[in-house]
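Residue numbers (the working numbering): 263 to 626. One structure is given below, encoded as structure tokens.
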Ligand code: 13P
Ligand code: SF4
């Protein structure tokens, strides 16, 4: 999806790191309690150091909802996270994304027209009252609203199992979008086998599935993926284990099932952080997730050897768009009374997306 970010004035792009740091510090002091900066674990170090709270997408959504008196929430993360924060906060609060081009390529792999079309196609084959749509947090507010309107819920990588179990308690089938890997990994974890899952390809009629297959499938998994996490492969694990037979491999559930099967543990970014922090001194751990998070884990755990499962760097290009010049620009504008880059979800979409998000918060 194209989101146009205004080019920054030279006073930001040409400023030295020291000048930017001084200006960000000054703006934060001026804004005081009116400002909360939230930062996702994948943010670069120069940015994450300014975050008042740092977390995974679930925690950041919870914190946004809890800070209902904070006037400005600057979201150092990606567009769908800022949208969720807007849905969960009041109309008096402004959610600001420092760079509007910080999207998520996975979230863009499912749009509302495609999902509505898939739903209509499913309705021709099965009773959609028995199909529960579940969207991963990594999706637009319009998709969250769709699941809210159709009896479904949102999930994140830290609560997908609880949400999918809930869904199968109220229906026979789940349409899960946009990440096929999180859906598949969670379904396997719940004890289902590959016969109960099929990929729904939005580029093909009826998802590329025949009627009999649609009827017999429990998990219809949207053909979407994360370009960062799908880079990890079983060969990376084999290589690491041959070098460090006692070493442990921890990966994010957006990795393919072949990787998850061979990893020692799989968890959301927050869970990975907890596991690495709790590991014994001297532990050797290969982590399969975004490189800025892995580098930070290595830095914050100097008594352990923490390395990236993929020796070649795999940053999330869209998370990387948030930088100090953009942060300084939005903060100084706030000081001057201008709210720039506010993320506002249409009220009707927001109403239904809020129902889907609140369902998630209630279930977990
Ligand atoms: P978390 O839900 O673990 O924060 O992951 C979000 C994300 O974008 C992972 O790629
Ligand atoms: Fe999206 Fe993948 Fe980046 Fe996460 S790491 S924000 S899923 S592109």
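For each residue, glycine too, the CB sits at the ideal point set by N, CA and C.
Among the options, the one whose alpha carbon lies nearest that of residue i
i: residue 627; options: 354, 463, 613; result: Lying before the first or after the last residue shown, residue 627 is absent from the chain, which here runs from 263 to 626.
i: residue 529; options: 518, 523, 514; result: 514
i: residue 624; options: 371, 504, 415, 297; result: 415
i: residue 575; options: 289, 491, 500; result: 491
i: residue 626; options: 308, 429, 373; result: 429
i: residue 302; options: 295, 614, 314; result: 314
i: residue 597; options: 278, 290, 450, 284; result: 290
i: residue 525; options: 282, 510, 591; result: 510
i: residue 453; options: 288, 566, 474, 480; result: 480
i: residue 451; options: 560, 282, 532, 426; result: 426
i: residue 434; options: 578, 469, 478, 300; result: 478
i: residue 326; options: 347, 500, 338; result: 347
i: residue 485; options: 571, 432, 468, 403; result: 468
i: residue 269; options: 613, 599, 587, 527; result: 587
i: residue 417; options: 432, 397, 503; result: 397
i: residue 590; options: 349, 552, 359, 473; result: 359
i: residue 483; options: 340, 377, 299; result: 377
i: residue 393; options: 431, 368, 399, 367; result: 431
Euclidean distance between Cα positions of residue i and residue j
i: residue 594; j: residue 330; result: 22 Å
i: residue 382; j: residue 343; result: 28 Å
i: residue 304; j: residue 375; result: 30 Å
i: residue 334; j: residue 423; result: 33 Å
i: residue 436; j: residue 584; result: 35 Å
i: residue 607; j: residue 619; result: 14 Å
i: residue 603; j: residue 280; result: 24 Å
i: residue 286; j: residue 488; result: 32 Å
i: residue 293; j: residue 506; result: 49 Å
i: residue 459; j: residue 617; result: 27 Å
i: residue 410; j: residue 312; result: 34 Å
i: residue 440; j: residue 543; result: 38 Å
i: residue 496; j: residue 310; result: 31 Å
i: residue 538; j: residue 449; result: 25 Å
i: residue 352; j: residue 364; result: 23 Å
i: residue 395; j: residue 278; result: 48 Å
i: residue 548; j: residue 361; result: 31 Å
i: residue 444; j: residue 465; result: 20 Å
i: residue 380; j: residue 565; result: 50 Å
i: residue 316; j: residue 307; result: 12 Å
i: residue 390; j: residue 476; result: 12 Å
i: residue 407; j: residue 610; result: 8 Å
i: residue 273; j: residue 356; result: 25 Å
i: residue 605; j: residue 532; result: 25 Å
i: residue 534; j: residue 554; result: 13 Å
i: residue 438; j: residue 276; result: 45 Å
i: residue 402; j: residue 345; result: 8 Å
i: residue 519; j: residue 297; result: 41 Å
i: residue 328; j: residue 442; result: 31 Å
i: residue 577; j: residue 300; result: 19 Å
i: residue 267; j: residue 368; result: 20 Å
Chain D within 9 Å of residue i, Cβ atoms only
i: residue 402; result: This model lacks chain D altogether, as it is built from one protein chain only.
Three-state class that DSSP yields for residue i in the structure shown
i: residue 326; result: helix
i: residue 399; result: coil
i: residue 266; result: coil
i: residue 230; result: The structure shown does not extend to residue 230, since the chain is modelled only from 263 to 626, so the question has no answer here.
i: residue 584; result: coil
i: residue 443; result: helix
i: residue 316; result: strand
i: residue 481; result: strand
i: residue 519; result: helix
i: residue 285; result: helix
i: residue 448; result: helix
i: residue 567; result: strand
i: residue 298; result: strand
i: residue 310; result: helix
i: residue 408; result: helix
i: residue 374; result: helix
i: residue 476; result: helix
Terminal residues of the alpha helix (DSSP H) in which residue i lies
i: residue 612; result: 609–625
i: residue 388; result: Here residue 388 belongs to no alpha helix (DSSP H), and DSSP marks it neither H nor E.
i: residue 273; result: 272–275
i: residue 504; result: 496–505
i: residue 534; result: 531–540
Residue i - containing beta strand (DSSP E), residue span
i: residue 460; result: 459–462
i: residue 491; result: That residue, residue 491, is in no beta strand (DSSP E); it is neither H nor E in DSSP.
i: residue 416; result: 415–417
i: residue 346; result: Where residue 346 is concerned, there is no enclosing beta strand (DSSP E), although the alpha helix (DSSP H) it sits in stretches over 341–350.
i: residue 554; result: That residue, residue 554, is in no beta strand (DSSP E); its alpha helix (DSSP H) goes 553–562.
i: residue 304; result: Neither: residue 304 is in no beta strand (DSSP E) and is coded neither H nor E.
i: residue 356; result: 356–358
i: residue 335; result: 334–338
i: residue 550; result: 546–550
Quiz item: Just the residues with CB closer than 5 Å to a heavy atom of ligand 1, in chain order, which are they?
Solution: 318, 319, 418, 419, 530, 531
Exercise. Please list, following the chain, all residues that have a C-beta closer than 7 Å to any non-hydrogen atom of ligand 2.
Key: 304, 340, 366, 367, 368, 369, 400, 488, 489, 490, 491, 516, 552, 578, 580, 581
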